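Colleague: One structure, pasted below without further comment.
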Amino acid sequence: MSAKAQRTTESLQRRLRRQADEARISALRELSHCSSLPVAELRWIGRHATLRVFAAQTTIVTERMPSDFLYIVMQGTVTASLHDRVGREASLGTLRSGDVFGEGPLFGTHFGSSTLVSQSPCHLLQIPLERIQLDAHQLTSFFAVLRTLYRQRLAQATLLRVPFLALLGDDERNSVAEQLLVRDVRRGEYVVRRGNRPNGLHLIETGQFVIEQDGHVVSHLDAGDFFGATALMTNEPAFGDIRAVTPCQILTMPTLQFLGLLERHPDMAQYISTSIQERSTYGARLNTVGDALVSHGVRRGERVLVRDVERCPTDCRLCVDACASRHGTARIQLQGVRTEAIEIVDSCRQCRVGAECVEVCPKNAIQWSGSVLTVTDACDGCGLCVPACPYGAITVEPAVRSMLTTLQQRAQTIPILSLVVSKPALRANKCDFCVSHTDMACVSRCPIGALRIEEVEQLFPY
């Protein structure tokens, strides 16, 4: 091809690219959340988005599971729903052309707070979240839009997860959401102290708190729970201390707004009192192990490994040996927290919020894989995660090398040019529920089925 022909071809390609950009920008400008974005950001969205078509009744995002994509609805309708604190399904409404969803992981670890299902055949633009994060410096206006959506939806999701607030109509719930004050709470910080009066009704958006009396844990509070209601309704000081176990975000409904809500809905006070009484009664049952549940981190994740102590022989260690055989060293320890007929085995808790190991890792080597935290190949064995874990669930062990790597290293007699890339000699080691295998070694090895995985919310509903 001559130089002139090549220049002509390149010119044509540039013109076609400009035309394609202009067509995409024009289409994006018709969408509500994109209409005010700068041209450069619209061009970026157009170039990095993939048009996906979903049939009706297709689950696009699943509640509490991580999503890797941001979606923009071009055509069709998508329904959003979640489950409240007692397991009832609640609707977040319907998304239509121009709406955006899937932005949650960009702003926190509060993975997909709702389930998104296509109500009709849908055309959606799909953009990898990783790509958005890499180019965030180019997308300041788009990020501002997404952050506003995230805050609004997280507030809505929090209100829906509180059973007595989920009963409000959409308009009133939206009005309540606009009055809420957002606050970040540090790990270990006390939000309410015994003898003081709270400044409003506090709703837990993310994270975990405990209620303490005389230095002992009497109750746990998770995302979707509330506190401060009793003191406000009775005009009495708080009966206990409320302490954050993890970094938390709370939404506060000012006292006057809360009392006004009770005036408009007299039955709500009875519902709140009943909920608090149920929580108190349940806490009394766990009175002897309340502190242990916190010190062992039992409620930091969503699932735990439990052992049926009435069936399991006291001297049996087949499960521990099976774990060590598969991973080189045991990742689980028996003699954990016992409650009634079961024992919660000591192992990594897969902490959903504020995982200390993740916070201190300089290589960002501890990542989510589905619903578990895994140690990736980025780990260099520095060991900072070991003392950071408050539950002693991590060790540093010799890195496992493949047989091929070992043979290559032995065959190399003159160390002039390495045959293989040098890898760290050590690696962090922790339970990940055998995510890279088809089974869990400990569970499969137990000959009497005394080990099993349980949902934390099923074991501890309050």
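Using this note's numbering, you'd call the opening residue of the sequence shown number 630 and step up by one each time.
From the three backbone atoms N, C-alpha and C, an ideal C-beta is built for every residue, glycine too.
The structure displayed is predicted, hence computed values, not measured ones.
Under the rule that 16 or more other beta-carbon atoms within 10 Å means buried, what is Leu-763, buried or exposed?
Modeller: Exposed: under 16 other Cβ atoms inside 10 Å.
Colleague: Output needed for Arg-1061: all residues of its chain with C-beta closer than 6 Å, excluding positions within five of it in sequence on either side, in chain order.
Modeller: The question names Arg, but residue 1061 is Asp in the sequence shown. Only Val-1001, Thr-1003 meet the Cβ criterion.
Colleague: State the DSSP-derived secondary structure class of Arg-717, mapped to helix, strand or coil.
Modeller: If DSSP states are grouped into helix, strand and coil, Arg-717 belongs with coil.
Colleague: With DSSP as the reference, label Glu-969 as helix, strand or coil.
Modeller: coil
Colleague: From Leu-758 to Glu-1084, what does the alpha carbon distance come to, in whole angstroms?
Modeller: In this structure, the straight-line span from the alpha carbon of Leu-758 to that of Glu-1084 is close to 29 Å.
Colleague: For Arg-932 and Pro-734, what's the separation of their Cα atoms in angstroms?
Modeller: 21 Å
Colleague: From Pro-1019 to Gly-1012, what does the alpha carbon distance come to, in whole angstroms?
Modeller: Pairing Pro-1019 with Gly-1012, the inter-Cα distance amounts to about 14 Å.
Colleague: According to DSSP, is Ser-1000 part of a helix, a strand, or is it coil?
Modeller: coil
Colleague: According to the neighbour-count rule (16 or more other Cβ atoms, all chains shown, within 10 Å of its Cβ), is Val-966 buried or exposed?
Modeller: buried
Colleague: Grouping DSSP H, G and I as helix and E and B as strand, with all else coil, what is Cys-877?
Modeller: strand
Colleague: Taking only the alpha-carbon atoms, compute the straight-line gap between Leu-788 and Asp-896 and give it to the nearest angstrom.
Modeller: Distance between the alpha carbons of Leu-788 and Asp-896: 17 Å.
Colleague: Answer yes or no: do Gln-767 and Thr-835 have a C-beta to C-beta separation smaller than 9 Å?
Modeller: no
Colleague: Please state whether DSSP places Leu-1033 in a helix, a strand or coil.
Modeller: For Leu-1033, the predicted model reports a pLDDT of 45, less than 50, meaning its position is unreliable and no value from the coordinates is stated.
Colleague: Applying the criterion that 16 or more other CB atoms from any shown protein chain within 10 Å of the CB defines a buried residue, is Arg-981 buried or exposed?
Modeller: buried
Colleague: How is the alpha helix (DSSP H) around Ile-761 delimited, first residue to last?
Modeller: Annotation for Ile-761: the continuous alpha helix (DSSP H) segment containing it runs 758 to 763.
Colleague: Taking only runs of the beta strand (DSSP E) that begin and end inside the segment 823 to 884, which ones reach a length of at least 3 residues, in chain order?
Modeller: 829 to 835, 838 to 842, 845 to 850, 870 to 873, 877 to 883
Colleague: In angstroms, rounded to a whole number, what distance separates the CA positions of Thr-638 and His-752?
Modeller: Thr-638 and His-752 have their C-alpha atoms spaced approximately 33 Å apart.
Colleague: Do Cys-1063 and Leu-947 come within 9 Å of each other at the CB atom, strictly closer than that value?
Modeller: no
Colleague: What's the gap between the Cα of Pro-1090 and the Cα of Asp-851?
Modeller: Asp-851 has its alpha-carbon roughly 10 Å from the corresponding atom of Pro-1090.
Colleague: Between the alpha carbons of Ala-649 and Glu-1086, how many angstroms are there, rounded?
Modeller: 50 Å
Colleague: Let me know the secondary structure DSSP gives Ser-661 once reduced to three states.
Modeller: In the structure shown, Ser-661 falls within a coil segment according to DSSP collapsed to helix, strand and coil.
Colleague: Between Arg-725 and Thr-706, how many whole angstroms is the CB-CB distance? I'm expecting something under 8 Å.
Modeller: 6 Å
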